[in-house]
Structures are given as C-alpha cells and as structure tokens.
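In full-length UniProt numbering, the protein residues as written are 1 to 152.
Cβ atoms here follow ideal geometry from the backbone N, Cα and C, with glycine treated the same way.
Structure, as structure tokens:
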C-alpha cells in the first residue's frame with residue numbers, strides 16, 4: 001500500500017507549495033506585514049504593466065484565481081493603499097486595478113528588483129538541480145496544470 005503522505009503526486013505538490021509559501025511569506029513580510037505570496041505577485045504584475053493597471057478579470061485569468069479570491073486580494077491591497085480600484089472607462093461593469101504611488105515605491109525599494117525575492121525562493125528550492133532538471137520540472141508542472149484544467 002502506498003504511503004499516504006509521500007506516494008501521491010498531488011499531496012507532494014501541496015507539501016512543497018506550503019513550504020514555498022511559508023518561505024516566500026517570511027520574505028515579503030519583511031517588506032509589508034501580512035503581504036501574501038499572491039498579493040506580492042499581483043503587485044509585481046501591476047508594476048511591470050506599462051499602464052500600471054489591469055482589469056480585475058485579467059488578474060483572475062493571469063493567476064488562475066476565482067473571482068471572490070481576486071476581490072479579496074485586491075481589497076486587502078487597497079486597504080494597505082498599495083492599489084486602488086476604479087470602474088473601467090470602456091465598460092463600467094468591469095473594475096480596473098491600479099498600483100498606487102505607495103505600491104510603486106514599495107516595488108522600487110526592493111534591492112535588486114521585485115523579482116529578486118522570487119528568484120531567491122526558486123534558487124533555494126531548486127538548489128542542486130541542473131538547468132535541464134529545472135526546465136523539465138516546469139514542463140511537468142505545466143502539463144499537470146493543463147491536464148487538470150481539462151477537468152473544469
């Protein structure tokens with residue numbers, strides 16, 4: 001019989017996700033208390049957009065998040081004055097999310113850029129992996145995600 005905790009791929013992915021999330025959250029909390037992994041990724045995404053904004057629906061799609069999850073993320077970032085929302089000019093039923101000056105200042109204050117935290121966590125997690133193994137792992141995870149998306 002398979003070991004319940006380690007023999008199932010889905011459970012192993014969940015365990016690794018939890019550990020990466022913990023390490024990542026520790027790093028981001030040094031910047032802003034309570035900042036989650038996904039909130040940080042949304043801030044990077046907005047800061048790298050040429051317009052410094054995106055439709056809330058685009059954020060949902062980009063990060064494969066549900067509507068209620070995205071609303072919660074944006075709301076918590078808004079409470080911290082890192083983003084603001086406004087109705088989209090071309091379709092007032094849609095919400096535009098804009099990174100604020102405070103949000104941009106935060107992103108600009110990170111030594112070696114906002115992606116440096118992502119790179120550090122990846123490098124720590126993948127220590128001892130070759131470039132080929134890392135590429136292969138990403139390919140496998142992408143395929144697993146695609147397989148699961150077909151079930152929706």
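Three Cβ pairs or more, each shorter than 8 Å: is that satisfied between the segment 101 to 116 and the segment 43 to 60? For the pair of segments examined, the segment 101 to 116 was found to touch the segment 43 to 60: the number of CB pairs separated by less than 8 Å reaches three.
Could you check if residue 35 is buried or exposed, using at least 16 other CB atoms within 10 Å of its CB as the buried criterion? It counts as buried.
Looking only at C-alpha atoms, which of 95, 76, 52 sits nearest to residue 101? The shortest Cα separation from residue 101 among 95, 76, 52 belongs to 52.
Within 10 angstroms of its Cβ, does residue 37 collect 16 or more other Cβ (buried), or is it exposed? Label assigned to residue 37: buried.
Excluding sequence positions up to five away, which residues of its chain have a Cβ less than 8 Å from the Cβ of residue 27? Result list for residue 27: 117, 120, 121, in chain order.
Short Cβ contact (8 Å threshold) for residue 47 with residue 114: Result yes, Cβ atoms of residue 47 and residue 114 sit closer than 8 Å.
Pick helix, strand or coil for residue 39, following the three-state DSSP scheme. Residue 39: helix per DSSP, three-state reduction.
Where do the N-terminal and C-terminal ends of the alpha helix (DSSP H) with residue 58 fall, by residue? 56 to 63 is the extent of the alpha helix (DSSP H) around residue 58.
So the alpha helix (DSSP H) residue 114 belongs to, where does it begin and stop? Per DSSP, residue 114 lies in no alpha helix (DSSP H) segment and is marked neither H nor E.
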